[in-house]
């Protein structure tokens, strides 16, 4: 494989697996042409107040068997949820300080090589000087808030802290962080990672050992951590469209809105939409997939709601037609049981992983009981602060709200 072919393969990995399109291509080109050393591309962003760090890890095969080429190994991701109060302490605006900590300088690989390093060093020195001055001011005013910010953002401090402070900050960081390494073969996109780290499922398509495509909902069991620090994967199958058709969601009568809702739920988002309550009133609710129990969560005003509040009557269910988006081929992947109530792991999870997004295998699980929501999916908001409101749909443009679907 030539260097140009290797680069194109890595670009394709970014586009089709990481979902990063082309924004990393310049950095990848720089490292591949620099030699044979493994490298990591670091990114961070804010997800509804939490700090998300994503390290894209690349290795190099130093043998004929490995092809003497670079490989994309996966994403080491961490979601740090430490709420920071938006307060003013004298002349110090804590919100402005947090925004500054979110926006640390990064290397711009689009710049000419001769200017890239110098420009970055100058930016970093100026940034560190301002941030350290403000953090020292905060430490003298509110030591606990100082610890929270340092634990959340791990800035490069130019002043010394005692061992007790460092230990406390690490404890805070560990207590409020969910971390997982997403291997390349799982084909998890950067858009799906924060949703998985918050315990919500995504729908993917893979291939089994016989090269047959099947679809499945997958999520992380945040109550079961392995020795390597990763969480265990869980797998389930159910018919999301059939489940949605049980409820009075008027806006889904519009095929385009119906398709948009399905697409975002399958990527693990929580979506806000209009719903008709059994009392006749229409209100906005937030819904998300509960694949473990073959159903959905419905929230109103931040509280989990009984399903019977929004169910269609038998007459409504008979008279309404469902917009078919995936077609019979996708739903036929369900095996052994009624769609909507099947849970299992793939027969060969280690071998049955190649590409994309859809619905999977079977076993049995609990369905609704007397019209009430099943026991909430325990992974949701695990290790997150109890007061955190359920997330609404996040879209690539940076907008966080899907109201009006």
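Numbering (the working numbering), first residue to last: -6 to 398.
Here a beta-carbon is modelled for each residue, glycine too, at the ideal position from N, C-alpha and C.
Please read these numbers as outputs of a predicted model, since none were measured by experiment.
Of the residues the options, the one placed nearest residue i, counting alpha carbons only
i           : options               : result
residue 114 : 125, 128 and 99       : 99
residue 160 : 178, 140, 172 and 272 : 140
residue 270 : 263, 255, 21 and 291  : 291
residue 151 : 249, 137, 120 and 218 : 120
residue 55  : 48, 4 and 30          : 30
residue 48  : 255, 60, 35 and 235   : 35
residue 67  : 221, 264, 178 and 205 : 178
residue 223 : 213, 231 and 232      : 213
residue 3   : 300, 237, 65 and 274  : 65
residue 207 : 197, 215 and 216      : 197
residue 45  : 13, 14, 145 and 122   : 145
residue 104 : -4, 221 and 22        : 22
residue 279 : 74, 116, 157 and 300  : 300
residue 435 : 162, 118, 170 and 87  : Absent from the model: residue 435. The displayed extent of the chain is -6 to 398, so no value can be given.
residue 257 : 202, 116 and 195      : 195
Three-way DSSP call (helix, strand, coil) for residue i in this model
i           : result
residue 147 : coil
residue 225 : strand
residue 201 : coil
residue 242 : coil
residue 290 : strand
residue 21  : helix
residue 84  : coil
residue 109 : helix
residue 44  : strand
residue 283 : strand
residue 26  : helix
residue 116 : helix
residue 319 : Confidence is the limiting factor: at residue 319 the pLDDT is only 41, short of 50, which leaves the residue's position unreliable, though a coordinate-based value still follows. Three-state result, residue 319: coil.
residue 95  : helix
residue -4  : helix
residue 351 : Here the model assigns residue 351 a pLDDT of 38, short of 50, so the residue's position is not dependable and the matter cannot be decided.
residue 56  : coil
residue 371 : Residue confidence for residue 371 is low, a pLDDT of 34 falling below 50, so the modelled location carries little weight; the figure read from the coordinates is stated next. If DSSP states are grouped into helix, strand and coil, residue 371 belongs with coil.
residue 253 : helix
Pair within 9 Å by beta-carbon distance, residue i and residue j
i           : j           : result
residue 242 : residue 50  : no
residue 78  : residue 138 : yes
residue 69  : residue 172 : yes
residue 95  : residue 147 : no
residue 135 : residue 82  : yes
residue 245 : residue 266 : yes
residue 209 : residue 229 : yes
residue 293 : residue 276 : yes
residue 238 : residue 296 : no
residue 102 : residue 109 : yes
residue 184 : residue 260 : yes
residue 298 : residue 281 : no
residue 26  : residue -4  : yes
residue 187 : residue 43  : yes
residue 231 : residue 287 : yes
residue 425 : residue 90  : As displayed, the chain neither begins before -6 nor continues past 398, which places residue 425 out of reach and without an answer.
residue 61  : residue 7   : no
residue 180 : residue 10  : yes
Sheet register partners of residue i (DSSP bridge)
i           : result
residue 296 : 293
residue 262 : Looking at the DSSP assignment, residue 262 forms no beta bridge with any residue, so it has no partner.
residue 69  : 48 and 174
residue 39  : 44
residue 277 : 267
residue 33  : 50
residue 218 : 224
residue 139 : None, per the DSSP bridge assignment.
residue 4   : In the DSSP output, where bridge partners are listed per residue, residue 4 has none listed.
residue 64  : 52
residue 10  : Answer is none; residue 10 lacks a bridge partner.
residue 304 : 240
Jot down the residue ranges of each uninterrupted alpha helix (DSSP H) in the stretch 152 to 212, minimum 4 residues, whole runs only, in chain order. 156 to 168 and 186 to 190
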